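Report on the following structure.
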Amino acid sequence: MKNLPKAAVIMGSKSDYEVVKPCIAALKKFGVGVEARVMSAHRTPDAVHAFAADARRNGFGVIVAAAGKAAHLAGVLAAATTLPVIGLPVQTSLAGGLDSLLSTVQMPSGVPVACVGVNAGENAGLLAVQILSAGFIDLAEKLDAFKADMAKRIAEDDAELQKLLQ
93 MKNLPKAAVI MGSKSDYEVV KPCIAALKKF GVGVEARVMS AHRTPDAVHA
143 FAADARRNGF GVIVAAAGKA AHLAGVLAAA TTLPVIGLPV QTSLAGGLDS
193 LLSTVQMPSG VPVACVGVNA GENAGLLAVQ ILSAGFIDLA EKLDAFKADM
243 AKRIAEDDAE LQKLLQ
């Protein structure tokens with residue numbers, strides 16, 4: 093496989109790590125290099141902006157941004173790069189993460205951010221892989237095999253259920 097771009101996984105707080113672990117695992121499962129960092133849209137905005145502005149030049153092909161509450165991290169990153177940015181809203185004690193979801197998904201025109209569900213780290217990683225696979229046939233083939241395996245497991249589960257129901 094020719095050199096894949098890396099994925100950046102940026103979390104607004106170290107406490108978000110448990111949510112991003114499945115994202116990192118999904119990326120690594122497909123052989124995508126990952127760099128994970130803690131940066132805050134509100135407490136370190138200059139660092140966030142600099143990271144995003146240099147991300148493509150530094151070999152990244154996609155950025156995943158995990159944040160809770162005000163959850164502006166994905167939007168701040170997206171404002172400073174043309175790379176795809178995936179928002180990963182983190183569950184909070186306030187409204188169960190709906191606050192994070194809305195802060196992530198409600199972007200102004202011209203600054204798009206893709207968004208997965210609250211605490212959906214694995215889906216964030218898989219979406220990042222799917223985005224990268226657009227330019228890498230080997231990665232696309234790995235995704236095809238992954239999806240075929242999922243379908244096979246569901247068919248096996250259904251067959252087991254049918255036996256139980258007889």
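Numbering (the working numbering), first residue to last: 93 to 258. Note that CB positions come from ideal geometry on N, CA and C, so glycine has one too. Small disclaimer: the values here were computed from a predicted structure and weren't measured.
Check whether residue i and residue j have beta carbons under 8 angstroms apart
| i | j | result |
| --- | --- | --- |
| Ala118 | Val210 | no |
| Val124 | Ala159 | no |
| Val140 | Leu180 | no |
| Ala206 | Val177 | yes |
| Ala216 | Ser192 | no |
Terminal residues of the alpha helix (DSSP H) in which residue i lies
| i | result |
| --- | --- |
| Lys113 | 109-121 |
| Pro137 | 137-146 |
| Val124 | Segment: none, Val124 is in no alpha helix (DSSP H) and carries neither H nor E. |
Reduced DSSP secondary structure (H/G/I, E/B, other) of residue i
| i | result |
| --- | --- |
| Arg129 | strand |
| Val197 | helix |
| Phe238 | helix |
| Lys161 | coil |
| Gly153 | strand |
| Val101 | strand |
Residue closest to residue i, alpha-carbon to alpha-carbon, out of the options
| i | options | result |
| --- | --- | --- |
| Pro200 | Leu186, Phe228, Ala171, Ile102 | Ala171 |
| Ala144 | Leu175, Phe122, Ala128 | Leu175 |
| Thr173 | Phe152, Asp191, Gln198 | Phe152 |
| Pro133 | Arg148, Arg149, Leu190, Ser195 | One point to set straight first is that residue 133 is Ala, not Pro, in the sequence displayed. Minimum Cα distance to Ala133 is reached at Ser195. |
Range of the contiguous beta strand (DSSP E) that encloses residue i
| i | result |
| --- | --- |
| Leu180 | 177-182 |
| Ala220 | Counting along the chain, Ala220 falls outside any beta strand (DSSP E), though it belongs to the alpha helix (DSSP H) covering 213-225. |
Integer-rounded CB distance, given that residue j should sit under 8 angstroms from residue i
| i | j | result |
| --- | --- | --- |
| Thr126 | Met103 | Inspection of the sequence shows that residue 126 is occupied by Val rather than by Thr. Going by Cβ atoms, the distance from Val126 to Met103 rounds to 12 angstroms, so no, they are not a contact pair. |
| Ile229 | Val154 | Not confirmed; about 17 angstroms, so no contact. |
| Leu219 | Val208 | 6 angstroms |
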